[in-house]
Ligand SMILES: CC(C)(COP(=O)(O)OP(=O)(O)OC[C@H]1O[C@@H](n2cnc3c(N)ncnc32)[C@H](O)[C@@H]1OP(=O)(O)O)[C@@H](O)C(=O)NCCC(=O)NCCS
């Protein structure tokens, strides 16, 4: 079940992402995965997504992202952005699979010197249906 995260999720989400704070743009899927978004105008930025380590590789992140896209598109979001380390192969593969495309690169963006890849996904509308 997809739902907004609440204060009751603090403990288990904090175990995965210590800086997490309850806010209106965090979504939880089956208490095994969560995604944090920031929205402005018709744009959304993915701040973080994580799946519990024992639950990875089962399609949860893909399902969560697709369902967040639908919810956010219903709220008027048309463009989705995110930033990911180029060495995070699982995340980069996930985003490509969902239709995100690289639009920029930020060299030495992270403290460890790694390059950040900026990716974008545009929601297209066809006969009232979201492509995602
Ligand atoms: C990245 C992450 C969210 C993926 O979650 P997941 O539930 O395991 O991903 P899914 O099972 O939904 O996989 C969907 C697609 O992502 C890609 N993918 C996922 N894990 C992968 C891996 N280990 N290696 C390569 N591709 C991978 C594949 O394209 C996969 O599709 P496929 O199974 O048809 O090949 C998860 O590994 C995670 O929580 N990592 C730690 C936190 C993190 O790095 N978040 C991203 C910060 S930007």
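Residue numbers (the numbering used here): 378 to 509.
Note that CB positions come from ideal geometry on N, CA and C, so glycine has one too.
For residue 468 and residue 461, the gap between their C-alpha atoms comes out near 7 angstroms.
Contact annotation: residue 412 and residue 426 have beta-carbon atoms nearer than 9 angstroms.
Rounded to whole angstroms, residue 423 and residue 473 show a C-alpha spacing of 14 angstroms. Taking all protein chains shown into account, residue 378 has fewer than 16 neighbouring C-beta atoms within 10 Å of its C-beta and is therefore exposed. Relative to the Cα of residue 415, the nearest Cα in the group 438, 500, 459, 437 belongs to 459. Excluding the 5 residues flanking it on each side, residue 395 has no same chain C-beta neighbour closer than 6 angstroms. At a threshold of 8 angstroms, residue 444 does not count as near ligand 1, since its beta carbon sits no closer than that to any of the ligand's heavy atoms. Around the beta carbon of residue 381, a 10 Å sphere encloses fewer than 16 other beta carbons of the protein chains shown; the residue is thus reported as exposed. Straight-line spacing of the CA atoms in residue 408 and residue 492 works out to 31 angstroms. The DSSP-derived three-state label of residue 425 is strand. Per the C-alpha coordinates, the member of 431, 442, 417, 430 positioned closest to residue 405 is 442. Proximity of the beta carbon of residue 461 to ligand 1 is indicated: a heavy atom of the ligand is located closer than 8 angstroms.
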